[in-house]
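Just so we're aligned, residue 709 is where the sequence shown starts under this note's numbering, counting upward by one.
Take a look at the structure set out below.
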Amino acid sequence: VVSSVLKHDLMVRVRSASRLRRETPVTWTQKDGTLIEGVLDLAFDEGEHTTVVDFKTDHELSAGEARYRAQLQKYVDAVPLATQRPARGVLFKV
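Here it is, written out as structure tokens:
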């Protein structure tokens, strides 16, 4: 499994990224004032964008894909607030 993940095109892009962040804490305030905290599994800068990667096992993903996609979207929304860089997200099934 590890070998396959490391050979994946996304991981090739990660290795050539200009900036890489692993297990990075993020905190932001939602419009209603709720404070949210999370941890980005992986984020890397590529061109003008930051790509946020959330790793999930096959078992985790099948149990709550909609919830995980919503969580990833919150991370994607939070990253530009901290970095002033547009962000996009990838849910990576392992």
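Note that CB positions come from ideal geometry on N, CA and C, so glycine has one too.
Following the DSSP letters along the chain, one finds His767 inside the alpha helix (DSSP H) bounded by residues Asp766 to Thr791. Shown here, Lys715 sits in a helix according to DSSP, grouped into three states. Our two residues, Asp766 and Lys801, have alpha carbons roughly 6 Å apart in a direct line. A direct Cα-Cα distance of roughly 12 Å separates Asp762 from Thr732. Fewer than three beta-carbon pairs drawn from the segment 768-777 and the segment 745-759 are found closer than 8 Å, and the two stretches are therefore not classed as touching.
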